[in-house]
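J.: Before I ask anything, let me first share the structure, which is written out below as structure tokens.
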Amino acid sequence: MDNLLTRVYRLILVLLLLAAGVAIEKTGLLDYLSDPFEQAYTLTLIRQHVVMVAVAMVMATALGVTVGILFTRASLKRYAGVVMYIVGLGQTIPSLAVLAIVMSFMGIGFKPALFALFVYSVLPIARNTLAGINAVPNWLLDAAKGMGMNNRQILWHVELPNAMQVMLTGFRVSMVICIGTAALAFLIGAGGLGEHIFMGIDLMRTDKLLAGALPTILLALVADYLCELLGYVLVPRGLRLEQQEA
Amino acid sequence: MEVINYMVNNAARCFQLTLEHLWIVGVACTLAILIGVPIGVAITRSKSLASKVLNTANIFMTTPSIALFGIMIPILSPFGHGLGQVPAIVALVLYSQLPIIRNTYVAIMNVPPELVDAGKGLGMSSWRRLREVEIPLAIPVIIAGLRTAAVMSIGIAAIAAYIGAGGLGVLIQQGIGRAYAPMILSGAILVSVLAIFVDGFMALLERLVTPKGIKVGRRMRHG
Chain A
2 MDNLLTRVYR
12 LILVLLLLAA
22 GVAIEKTGLL
32 DYLSDPFEQA
42 YTLTLIRQHV
52 VMVAVAMVMA
62 TALGVTVGIL
72 FTRASLKRYA
82 GVVMYIVGLG
92 QTIPSLAVLA
102 IVMSFMGIGF
112 KPALFALFVY
122 SVLPIARNTL
132 AGINAVPNWL
142 LDAAKGMGMN
152 NRQILWHVEL
162 PNAMQVMLTG
172 FRVSMVICIG
182 TAALAFLIGA
192 GGLGEHIFMG
202 IDLMRTDKLL
212 AGALPTILLA
222 LVADYLCELL
232 GYVLVPRGLR
242 LEQQEA
Chain B
462 MEVINYMVNN
472 AARCFQLTLE
482 HLWIVGVACT
492 LAILIGVPIG
502 VAITRSKSLA
512 SKVLNTANIF
522 MTTPSIALFG
532 IMIPILSPFG
542 HGLGQVPAIV
552 ALVLYSQLPI
562 IRNTYVAIMN
572 VPPELVDAGK
582 GLGMSSWRRL
592 REVEIPLAIP
602 VIIAGLRTAA
612 VMSIGIAAIA
622 AYIGAGGLGV
632 LIQQGIGRAY
642 APMILSGAIL
652 VSVLAIFVDG
662 FMALLERLVT
672 PKGIKVGRRM
682 RHG
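Protein chains in written order, with my numbering: chain A, 2 to 247; chain B, 462 to 684.
Here it is, written out as structure tokens:
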């Protein structure tokens with residue numbers, strides 16, 4: 002039964018790939034991307050997109066993790082609930098709305114877009130860092146204290162490694178959302194692959210549209226996959242083994 | 462202040478766009494449940510199938526929304542629906558599949574085996590067990606999945622204004638085009654309020670559909 006399913010699944014995948022190939026030829030995407038001028042243009046857009054996402058993500062990770070760590074310290078712990086609530090509320094706000102609001106205060110261009118991406122990406126990271134550290138079992142903390150670790154050592158050697166899996170999930174969600182939102186950043190004049198997509202829609206040119214949409218999707222999928230790989234580096238081996246057995 | 466003025470002066474239009482937004486999201490979520498819940502139930506029978514279905518749904522979830530809209534234009538335009546509400550609804554249904562399928566699957570897998578055994582002992586058929594034991598116990602978690610899907614759909618539907626689906630995104634789209642801040646902000650604020658409101662409503666629904674027995678059990682454990 003399962004064997005048959007696997008075969009059907011593979012067949013569907015191959016057919017999809019085939020259809021995609023035919024579609025790429027038919028829509029003129031191949032011609033479009035063979036044009037050396039358009040090629041350079043597309044590469045520039047991809048670079049803009051990647052730079053935007055990378056800068057926003059670096060800043061967001063720094064702030065998000067800091068907030069997450071600060072609000073799990075004993076002195077600030079009682080405010081953690083409030084922070085969680087605000088973050089949850091912020092996440093309900095649609096990405097386009099965040100971009101639009103930022104634009105009406107900061108105008109158009111690269112900087113406002115970067116700021117919007119940064120603010121929007123902080124939320125999942127901060128939330129998961131908080132949740133991850135809070136979920137570290139008490140007996141682990143007690144054991145660490147019993148071994149004579151000070152607070153800093155407990156944070157670095159016990160809390161963060163144990164929370165890493167959850168934090169990485171937050172990072173991954175944040176990254177994927179950031180790549181999607183960066184595609185909208187064209188609307189407030191920041192360029193990126195959204196330029197191809199929106200211009201393609203407006204000009205009714207499928208080839209241009211796909212030249213923007215496909216790299217965006219690819220970028221998101223690759224980022225998602227890389228984050229998964231990152232788990233093998235950052236999550237301690239003991240925890241990974243435990244997970245595999247469960 | 463100007464924003465409030467704008468909203469008051471254009472109350473009828475704002476209201477109509479809000480309704481349009483809710484209509485798109487409502488239709489999409491209804492379709493998403495009708496497709497997602499049966500799939501979620503079906504994949505509880507085979508673990509390898511489950512991981513494949515969930516991975517496929519995850520690919521849709523990872524795809525940025527505007528890129529998905531873009532791809533759907535050439536796919537749906539031979540049927541005369543490249544732009545407008547149809548591709549928007551199709552995209553929203555695809556996006557909603559992951560939270561709904563995953564929550565249905567996880568919820569049904571987490572039904573305590575002793576309850577299923579009790580059902581078997583009572584002579585229930587597997588269909589009746591599903592209907593009277595597994596689904597009622599799973600429904601709060603399924604609604605939680607729907608809540609995630611609905612809030613996300615409201616955000617994505619705002620982007621769908623760019624493919625001509627209407628809704629509150631229109632205010633943002635036209636506002637950006639005219640560089641008219643009150644219009645942009647009205648759109649952005651209305652969409653955000655709508656999302657927060659729907660989130661709260663679904664949270665309430667989640668509590669309402671929880672079977673009484675589970676609630677009593679929880680209260681006993683906590684107090």
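Backbone N, C-alpha and C define an ideal beta-carbon position, used for all residues, glycine too.
1) So what does DSSP say about residue 507 (chain B), is it helix, strand or coil?
2) If you scan the segment 89-149 of chain A from start to end, which runs of the alpha helix (DSSP H) of 4 or more residues do you find wholly inside it?
3) With H, G and I counted as helix, E and B as strand and the rest as coil, what does DSSP make of residue 625 (chain B)?
4) Would you check if the distance between the CB atom of residue 171 (chain A) and the CB atom of residue 128 (chain A) is smaller than 8 Å?
5) Just the Cα atoms here: how many angstroms apart are residue 91 (chain A) and residue 124 (chain A)?
6) Could you pull out every unbroken alpha helix (DSSP H) segment of at least 4 residues lying fully inside the segment 206-233 of chain A, listed in chain order?
7) In its own chain, which residues sit with a C-beta less than 8 Å from the C-beta of residue 236 (chain A), not counting the 5 before and 5 after it?
8) At which residue ranges does the segment 50-80 of chain A contain complete beta strand (DSSP E) runs of 3 or more residues, listed in the order of the chain?
9) Is the Cβ of residue 595 (chain B) closer than 8 Å to any Cβ of chain A?
10) Please state if the CB of residue 590 (chain B) and the CB of residue 426 (chain B) are separated by a distance shorter than 8 Å.
11) Going by the beta-carbon positions, is the gap between residue 617 (chain B) and residue 559 (chain B) smaller than 8 Å?
12) For residue 579 (chain B), decide whether its Cβ has a neighbour in chain A, counting only Cβ atoms nearer than 8 Å.
13) Nearest to residue 486 (chain B) by alpha carbon, out of B:664, B:567, B:609, B:635?
14) Indicate whether the contact test is met: 3 or more Cβ pairs, each with one atom in the segment 98-110 of chain A and one in the segment 636-655 of chain B, closer than 8 Å.
15) Measure the alpha-carbon distance for residue 26 (chain A) versus residue 32 (chain A) and round it to whole angstroms.
16) Could you pull the start and end residues of the alpha helix (DSSP H) that residue 542 (chain B) belongs to?
17) Using a C-beta to C-beta distance shorter than 7 Å, which residues of chain A count as neighbours of residue 642 (chain B)?
18) What is the DSSP secondary structure of residue 538 (chain B), counted as helix, strand or coil?
19) Residues of chain A with CB closer than 7 Å to the CB of residue 436 (chain B), please, in chain order.
20) Where does residue 191 (chain A) sit, in a helix, a strand or coil, going by DSSP?
21) Between which two residues does the alpha helix (DSSP H) containing residue 672 (chain B) stretch?
22) Using 8 Å as the limit for Cβ to Cβ distance, is residue 631 (chain B) near chain A?
T.: Answer, in terms of the structure:
1) coil
2) 96-107, 111-135, 139-147
3) coil
4) yes
5) 7 Å
6) Runs of alpha helix (DSSP H) with 4 or more residues, each lying fully within the segment 206-233 of chain A, are absent.
7) 162, 165, 166, 169
8) none
9) no
10) With chain B covering only 462 through 684, there is no way to say anything about residue 426 (chain B).
11) no
12) no
13) B:609
14) yes
15) 8 Å
16) No alpha helix (DSSP H) holds residue 542 (chain B); DSSP gives it neither H nor E.
17) 105
18) If DSSP states are grouped into helix, strand and coil, residue 538 (chain B) belongs with the helices.
19) With chain B covering 462 to 684 only, the question about residue 436 (chain B) has no answer from this structure.
20) coil
21) From DSSP, residue 672 (chain B) is part of no alpha helix (DSSP H); its letter is neither H nor E.
22) By this cut-off, residue 631 (chain B) is not an interface position.
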